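Novice: Shown below is the structure under consideration.
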C-alpha cells in the first residue's frame with residue numbers, strides 16, 4: 001500500500017496528459033487546483049499545441065519530460081487513452097488516473113479495452129485509477145488529480161475527513177455536504193470502474209493517514225471484501241469510524257437461489273451482515289453521512305444508549321421521547337437523588353423526571369440548562385443528552401445556553417445534541433461547537449448512530465480456532481437426501497430428530513414400532529428437495545399399518561415422478577414452542593454466510609430473518625434474533641415460557657462451522673423447521689437439506 005500513499009496521494013511530480021489553459025476544462029482544472037491548494041511537487045502539462053499552460057512549461061509528449069512523473073493524469077479520450085496508458089507504462093510511471101469513459105461500463109468491447117490497459121499496467125508495475133473516474137484529491141498535500149466542480153462551488157479546507165467513492169458524482173456530493181457543515185475534508189477519491197485499484201484499497205490507504213478521524217465510503221459493489229475487512233480491522237485498532245453508503249439495495253442474489261437460504265440471504269442482507277461484522281456503520285445516503293460527521297469528529301464514544309431529554313416545552317419532551325423510542329434509545333431512569341437535585345434547581349411546577357421539562361421559566365432564569373445538566377450528569381444511568389428548544393429568541397440569553405452546554409460537554413465528555421429550528425437559536429450553539437439540528441428526529445438519530453457505532457466497534461471479535469473437517473459423500477452432486485443431510489449435520493453437533501430410512505413396507509412397520517406414535521412418514525429422494533410440495537409428507541401417523549401403507553404410496557409416487565428412490569423415512573414427531581430456520585450458503589462475494597430466523601412453511605413469504613458472517617458467537621446469534629419481528633416471542637408471550645434461544649444459537653454456530661469447514665464443497669444448507677422449546681428443553685432439527693457444490697464451483 002506504500003505505492004498508493006506515495007505515488008498517488010503524495011506524488012513528487014504530476015503529469016497532466018491533455019492539459020488545458022482553460023480552468024473550466026477537465027485538462028485545466030487539476031493544474032488550477034494544485035496551484036491554488038499548495039501542491040509543492042513538479043507539475044508537467046503535456047499538450048503539443050502550447051508552449052505554456054497556466055504558467056507552467058508545456059511539453060509535447062511524455063518522453064520530453066525531464067523526469068518520470070510519479071502520477072499521470074490521462075485526460076485524452078477515445079483510442080488515444082489506451083495508447084497513452086501504454087506509453088505511461090513503458091515510461092515507468094507509477095500511477096495513472098484515467099478520466100475517460102467508454103470502457104468496462106459500456107459492454108464487452110469496452111471491457112476488452114479496459115482489460116488490455118490493466119494488463120499493460122500490471123506488466124510494468126503501474127497502478128491504474130479508473131477509468132471513468134472524476135479523479136483523486138488530497139488537500140493535505142495539494143495533489144489534486146481530479147476535476148470536480150464542487151471544489152469551486154464549495155472551497156476546500158484541509159481537515160480530518162476522508163471520502164472514498166466508486167462514483168465521482170457521489171464523492172463530490174459527500175465532500176460538498178460535509179464542507180457545507182463547516183468541516184474540513186482531506187481526501188476525496190473516486191475509483192470509477194475499478195479496473196485495477198478498488199475503493200477498498202483506497203480506503204486502506206486513507207485509513208493510514210493519521211490525521212484522518214472519519215472515513216466516509218460510497219460503494220455500489222464490494223469487489224475486494226478481504227481488503228475492506230482488513231481496513232475495518234485497522235480502523236478499529238486506531239478508533240477510526242467508517243460510515244458507508246452501499247447503493248443498489250437489490251435482491252438479485254435471489255434469482256439463482258435453489259434453496260430457502262439462497263432466497264433469504266439476498267445481497268443486501270449479506271452486505272448489512274458484512275458491515276456489522278467488521279464494525280462499519282451503514283447509512284442510506286450521503287446526507288446521513290454528513291449529518292453525523294460533526295458528532296464523530298467530537299470524539300464521542302458513549303458507554304451506553306440511555307438518553308436524557310431536557311426542554312422548555314412539555315410537548316417537545318413528549319416528541320423527543322417518541323423519537324427516542326423509534327430509534328431504540330431507552331430513556332435514562334434517573335435515581336431518586338438525581339431527581340431531587342434537579343428539582344431543587346427548578347420551579348416547583350417543573351418536571352424533574354426524565355424527560356425534564358424546565359418550562360417557560362427558562363425565559364427568566366437563563367442558567368437553568370447550566371444548573372440541570374451537571375446535576376443529571378452525576379447519574380450513572382445518563383449516557384446521552386438532548387436539548388430540545390422549540391421556541392426562544394428575544395429575552396432569552398441564548399449565548400449563555402450555548403456556553404453552558406459547551407462547558408458541560410467539555411467537562412464530562414458526554415454527548416450533547418441540540419434541536420433548534422429557529423436559525424437565531426441554533427447559531428449560538430453551532431458557534432460554540434455544539435452538534436445542532438433543525439428537529440428532534442435528526443438530533444436523536446445522530447446520538448443513536450454514534451452510540452450504536454461505538455458499541456459495534458467495541459464488540460469483541462469472535463474467533464473459531466479450529467474448523468471441523470467436513471466431508472460430503474464421495475461423488476455427491478446437487479442435493480443430498482434428507483437422511484444423508486441430517487447425518488452430516490449430526491456428525492458435527494447439530495441435534496437431529498430420530499429417524500429410520502426404510503426400503504420395504506416391513507421395514508416401515510419395524511421403524512414405526514421403534515419410533516412410536518405419532519410418527520412422521522416422508523419420501524426420501526435427493527431429486528425431491530422440497531417433499532411437501534409434492535404431497536410426500538404425512539404427519540401424525542398413528543399405526544404401523546398406516547406407516548406401511550404410506551410407504552407403498554410414497555414409493556409408487558416417486559416411481560411415477562421418475563425420480564431416484566432413496567427410501568421412505570419414518571421419523572419421530574418433535575414439537576417445539578416455535579419453529580425457526582437456520583441456513584447457510586456460499587456467497588459469491590463474501591464466502592460463507594449463515595441465515596437465522598422465523599421458520600415453517602411461510603419462511604420465504606415472511607422473510608423474517610437475518611444474516612451472520614462467520615466466525616460468530618452464540619451471543620451474537622441471540623443479539624441478531626432480537627432484531628427480528630418475532631423478537632417478542634423469545635421471552636414468552638400470553639403466559640408462554642421463554643424460548644431456549646441459546647440452544648438455537650448453538651445450532652447456528654454449528655452450521656456456521658460446517659459451511660466454513662466444508663471449504664467450498666457445500667453450496668448451501670437448509671434446516672427448516674428447527675423446533676425450539678422452552679428454556680431448558682433445547683432445540684432439534686426436524687428437516688434438513690444439504691446442497692453440494694459442483695467441482696467447478698469449488699475454490
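In full-length UniProt numbering, the protein residues as written are 1 to 699. Think of the CB as a built atom: it goes at the ideal place given N, C-alpha and C, for glycine as much as any other residue. What you are looking at is a predicted structure, and each value in this text was computed from that prediction instead of being measured.
May I have the straight-line CA-CA distance separating residue 616 from residue 464, to the nearest angstrom?
Specialist: So the two alpha carbons sit approximately 8 Å from each other.
Novice: Within its chain, find whatever has a CB closer than 7 Å to the CB of residue 62; leave out the 5 residues flanking it on each side and keep chain order.
Specialist: So the list reads 15, 17, 46, 87, 88 and 91, once near-sequence residues are dropped.
Novice: Closer than 6 Å by C-beta to residue 550: which residues in its own chain qualify, once you throw out the five before and the five after it? Chain order, please.
Specialist: Once the five neighbours on either side are set aside, the close Cβ partners of residue 550 are 521 and 538.
Novice: Taking Cβ positions only, does residue 231 come closer than 8 Å to chain B?
Specialist: The displayed structure is made up of one protein chain only, and chain B is not part of it.
Novice: Tell me, which residues are paired with residue 217 by DSSP?
Specialist: Beta-bridge pairing links residue 217 to 164 and 244.
Novice: In its own chain, which residues sit with a C-beta less than 8 Å from the C-beta of residue 305, not counting the 5 before and 5 after it?
Specialist: Cβ within range, chain order: 328, 329, 330, 383, 384, 448, 451, 452 and 455.
Novice: Considering only residues of the same chain and omitting the five flanking positions on each side of residue 735, which have a CB-CB separation below 7 Å?
Specialist: Residue 735 cannot be examined here, being either before or after the span of the chain that is shown, 1 to 699.
Novice: Assign residue 35 to one of three DSSP states: helix, strand, or coil.
Specialist: Note: residue 35 maps to helix in three-state DSSP.
Novice: State buried or exposed for residue 525, treating a residue as buried only when at least 16 other CB atoms are found within 10 Å of its CB.
Specialist: That one is buried.
Novice: DSSP three-state label for residue 709, please.
Specialist: As shown, the chain starts at 1 and ends at 699. That puts residue 709 outside it, with no answer to give.
Novice: Compare the Cα-Cα distances from residue 514 to each of 626, 227 and 572 and report the closest residue.
Specialist: If we check each option's Cα against that of residue 514, 572 comes out closest.
Novice: Would you give the residue range spanned by the alpha helix (DSSP H) that residue 432 belongs to?
Specialist: Per DSSP, residue 432 belongs to no alpha helix (DSSP H) and is neither H nor E.
Novice: Can you tell me where the alpha helix (DSSP H) holding residue 287 begins and where it ends?
Specialist: Run containing residue 287: 286 to 297, per the alpha helix (DSSP H) assignment.
Novice: Give me the Cα-Cα distance between residue 650 and residue 482, rounded to the nearest whole angstrom.
Specialist: Taking the straight line from one Cα to the other gives about 21 Å.
Novice: Kindly list the residues whose CB is nearer than 7 Å to the CB of residue 300, restricted to its own chain and excluding five residues on each side of it in sequence; keep chain order.
Specialist: If we look at residue 300 and ignore the five residues flanking it on each side, its Cβ neighbours are 415 and 450.
Novice: Quick check: the Cα distance between residue 261 and residue 473, rounded to an integer number of angstroms?
Specialist: No answer about residue 261 holds up, because its pLDDT of 49 lies below 50 and its placement is not dependable.
Novice: Do you know offhand how far residue 477's Cα is from residue 668's?
Specialist: Whole-angstrom Cα-Cα distance: 12 Å.
Novice: Among 146, 404 and 195, which one has its Cα closest to the Cα of residue 188?
Specialist: It is 146 whose Cα lies nearest to the Cα of residue 188.
Novice: Given this structure, state the Cα-to-Cα distance separating residue 665 from residue 528, to the nearest angstrom.
Specialist: Whole-angstrom Cα-Cα distance: 20 Å.
Novice: Exposed or buried, residue 30, counting other C-beta atoms within 10 Å across all chains shown (16 or more means buried)?
Specialist: Its Cβ being crowded by 16 or more others within 10 Å, residue 30 is buried.
Novice: With a cut-off of 8 Å, do at least 3 Cβ pairs link the region 64 to 78 to the region 91 to 105?
Specialist: With a cut-off of 8 Å, the region 91 to 105 and the region 64 to 78 count as touching, because enough Cβ pairs lie within range.
Novice: Would you call the region 173 to 188 and the region 230 to 241 touching, i.e. three or more CB-CB distances under 8 Å?
Specialist: Not touching, per the Cβ criterion.
Novice: Out of 76, 398, 24 and 79, which one is the CA nearest neighbour of residue 54?
Specialist: Checking every option, the nearest Cα to that of residue 54 belongs to 24.
Novice: Which same chain residues, not among the five before or five after residue 111, have their C-beta less than 8 Å away from its C-beta?
Specialist: So the list reads 103 and 104, once near-sequence residues are dropped.
Novice: Can you give me the Cβ contacts of residue 292 inside the same chain, cut-off strictly under 6 Å, excluding the 5 residues immediately before and after it?
Specialist: Once the five neighbours on either side are set aside, the close Cβ partners of residue 292 are 446 and 449.
Novice: Counting C-beta neighbours from all protein chains within 10 Å, is the total for residue 689 16 or more, i.e. buried, or is it exposed?
Specialist: Counting Cβ neighbours within 10 Å, residue 689 comes out buried, since at least 16 surround it.
Novice: Helix, strand or coil: how does DSSP classify residue 129 here?
Specialist: Reduced to three states, the DSSP call for residue 129 is strand.
Novice: Taking all protein chains shown into account, decide if residue 246 is buried (16 or more other Cβ within 10 angstroms of its Cβ) or exposed.
Specialist: When all chains shown are included, residue 246 counts as buried.
Novice: Residue 389 by DSSP, collapsed to three states: which one?
Specialist: In this structure, residue 389 counts as coil in the three-state DSSP scheme.
Novice: What is the DSSP secondary structure of residue 18, reduced to helix, strand or coil?
Specialist: Of the three classes helix, strand and coil, the one that applies to residue 18 here is coil, per DSSP.
Novice: Please report how far the alpha carbon of residue 312 lies from the alpha carbon of residue 401, in whole angstroms.
Specialist: Cα to Cα, residue 312 sits roughly 12 Å from residue 401.
Novice: To which residues does DSSP link residue 437 through a beta bridge?
Specialist: Answer by DSSP bridge pairing, in chain order: 419.
Novice: To the nearest angstrom, report how far apart residue 135 and residue 431 are at their CA atoms.
Specialist: About 34 Å.
Novice: If you drop the 5 nearest sequence neighbours on each side, which residues of the same chain put their C-beta closer than 7 Å to that of residue 321?
Specialist: Same-chain partners within the cutoff: 309, 331 and 355.
Novice: Alpha carbon to alpha carbon, how far is residue 587 from residue 256? Give it in angstroms, no decimals.
Specialist: Note that residue 256 scores 37 on pLDDT, short of 50, meaning its location in the model is unreliable and no value can be drawn from it.
Novice: Can you name the start and end residues of the alpha helix (DSSP H) that residue 207 belongs to?
Specialist: From DSSP, the alpha helix (DSSP H) with residue 207 extends over 199 to 207.
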